[in-house]
Amino acid sequence: MSFVLLGNGGDSTLPGTGGDTTTYLYDAANRLAQVDGQPYTFDANGNLLTTGVMTNTWDAANRLTSIVRRSSVVGPIYNGLGDRVGQTVGAATTHFALDIAGGNAYLHLLD
């Protein structure tokens, strides 16, 4: 397997197993612009808006407010400090325990 990033609008082809290849195209800001011809779009703040199969929505504080992938909708849950502490998917809610030192989710607690 090999990977070559050409950068600033270049493209890369990554051979996979079984003879499959995945082609990545990057824009001038080195953001992913396409994967196998499926466009990726970003807002003015650099937040990922769409891929070929997913649509993200962001609020004014650049927090992810929804993820729609095919028929599944994920709704992130934030605490008063803006930390992502959980999410809803359909009727299921998942809560994350945070590492106070780093603020990273390290445990998932299902309702």
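In the working numbering, the protein residues as written are 536 to 646.
Beta carbons are placed, not taken as given, at the ideal position from N, Cα and C, and that holds for glycine.
Continuous beta strand (DSSP E) stretch holding residue i: start and end
i, result
"T558", "T556 to Y561"
"V608", "S607 to Y613"
"L616", "L616 -> no beta strand (DSSP E), and no H or E assigned at all."
"I635", "Segment: none, I635 is in no beta strand (DSSP E) and carries neither H nor E."
"A568", "L567 to V570"
"V603", "L599 to R604"
"N591", "M589 to W593"
"T586", "Unbroken run through T586: none, as it is neither H nor E."
Closest by C-alpha distance to residue i, when choosing among the options
i, options, result
"D571", "P611, D555, D634 and A579", "D555"
"D634", "V624, G625 and V620", "V620"
"G617", "V609, W593 and S606", "W593"
"N614", "H630, A636, N580 and Y559", "H630"
"A596", "A632, A579 and V624", "A579"
Distance CB(residue i)-CB(residue j) smaller than 8 Å
i, j, result
"T604", "M589", "Reading off the sequence, residue 604 comes out as Arg, not Thr. Cβ distance < 8 Å, so R604 and M589 count as in contact."
"A568", "Y575", "yes"
**OP:** Mind the definition here: the segment 578 to 585 touches the segment 600 to 607 only if three or more C-beta pairs lie below 8 Å; say whether that holds.
**Re:** The segment 578 to 585 vs the segment 600 to 607: no contact.
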